[in-house]
Structure formats: C-alpha cells, structure tokens
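Chemist: For the sequence shown, numbering that gives the first Met the number 0 gives the first residue as 0, with consecutive numbering after it.
Glycine included, each C-beta is placed from N, C-alpha and C at the ideal position.
For clarity, every value in this text was computed on a predicted model and none was experimentally measured.
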Amino acid sequence: MIFRFCFVVLTLVILIWPLASFAQNKKVIPAHAIAMHGTPKYNSEFRHFDYVNPKAPKGGVIRQSALRTFNTFNPYTIKGDAAVGLGFIYESLMTSPQDEAFTEYGLIAQTIEVPKDRSWATFTLRKEARWHDEKPITV
0 MIFRFCFVVL TLVILIWPLA SFAQNKKVIP AHAIAMHGTP KYNSEFRHFD YVNPKAPKGG
60 VIRQSALRTF NTFNPYTIKG DAAVGLGFIY ESLMTSPQDE AFTEYGLIAQ TIEVPKDRSW
120 ATFTLRKEAR WHDEKPITV
C-alpha cells in the first residue's frame, strides 16, 4: 500500500516538475541581442557597429599561409585536420562586437528568446539568410 502511494507521488512529481519550470519561464520577450550584464549597447535598428567604416573599400583578395596541411573542409569534424581559415567562409548565428564584452547580436538569427534563468534559447532565423547556393537556411 505504501509502495503504491510513493509510486503515485513520485510519478506526479516527475510529471509536474517540468510544467512548473515552464510556468516560471513563460514571460519571454524576443530580443535582437543578449547581454550577460545590463542591456545591449546597440538597438534593434542599428546598421553597423560604431568601430566599423561602412564606406570602406570592398572587394579584393585575401591570402593566408599556414604551417600545416589539411584533409577535410569540414570545420566540425572529429577526425582529420580542417583547413585553416574555414571560419571566414561561414556566418554564425550570433556575433560578438569588439567594443562590448559579453554581448551577442543576431547575425543569421533575427531574434532570440532566453528566459531569466537562461535554461534554454529559441532563435528565429532571418528570411534573407541563404547558403552559398542561394537556398534558404532553415531549421
């Protein structure tokens, strides 16, 4: 009898616990950036970071040297050695400005939803985000 009672109580606790956590995180507002301390420096309508020159010349060629070889173009592989500089050909979900510590702004992500306890995050991707072959980036 007591075993059955303990089993029922334990089952209810296991089932209700995630709901209580979800109820606490219910009020989440989408934002363009997240900051560890305070609020982000730039608003949601900013066009470029303060230290960037939007009228800088564009185009040209970049050449890099590396003192090692590679055997894969996959930067996330466990096996093998990825080519140096692959991080320059892919955009990231978020980006960190150089003039603001511990803050991330959406790059491919248009908005981010994070609860106060930072237990999870939901990203909304920009509609104009595309792969190199012009196919849209989807989840």
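Note down the Cα distance separating P135 from R129, rounded to an integer number of angstroms.
Modeler: P135 and R129: Cα-Cα distance of roughly 4 Å.
Chemist: From this set, M35, I13 and T137, which residue's C-alpha is nearest K126's C-alpha?
Modeler: Considering only M35, I13 and T137, the residue with the shortest C-alpha distance to K126 is T137.
Chemist: From T123, D132, K115 and H131, pick the residue whose C-alpha is nearest to that of A34; which is it?
Modeler: Among T123, D132, K115 and H131, the Cα nearest to that of A34 is on K115.
Chemist: What do you reckon, are the CB atoms on G79 and F69 nearer than 9 Å?
Modeler: Less than 9 Å separates the beta-carbon of G79 from that of F69.
Chemist: Taking all protein chains shown into account, do 16 or more other C-beta atoms lie within 10 angstroms of the C-beta of T102, making it buried, or fewer, making it exposed?
Modeler: The residue in question, T102, is buried, as its Cβ has 16 or more Cβ neighbours within 10 Å.
Chemist: Alpha carbons only, please: which of P74, T94 and L92 is nearest the one belonging to L85?
Modeler: P74
Chemist: Taking DSSP's pairing of strands, which residues face G135 in a bridge?
Modeler: Note on residue identity: the sequence assigns Pro, not Gly, to residue 135. Per DSSP, R129.
Chemist: Roughly how many whole angstroms lie between the Cα atoms of Y41 and H47?
Modeler: 9 Å
Chemist: Indicate the three-state DSSP secondary structure (helix, strand or coil) for G79 in the structure shown.
Modeler: coil
Chemist: What separation, rounded to the nearest whole angstrom, lies between the Cα atoms of H36 and A30?
Modeler: 15 Å
Chemist: Could you tell me the alpha carbon to alpha carbon distance between T94 and L106, rounded to whole angstroms?
Modeler: For T94 and L106, the distance between alpha carbons rounds to 6 Å.
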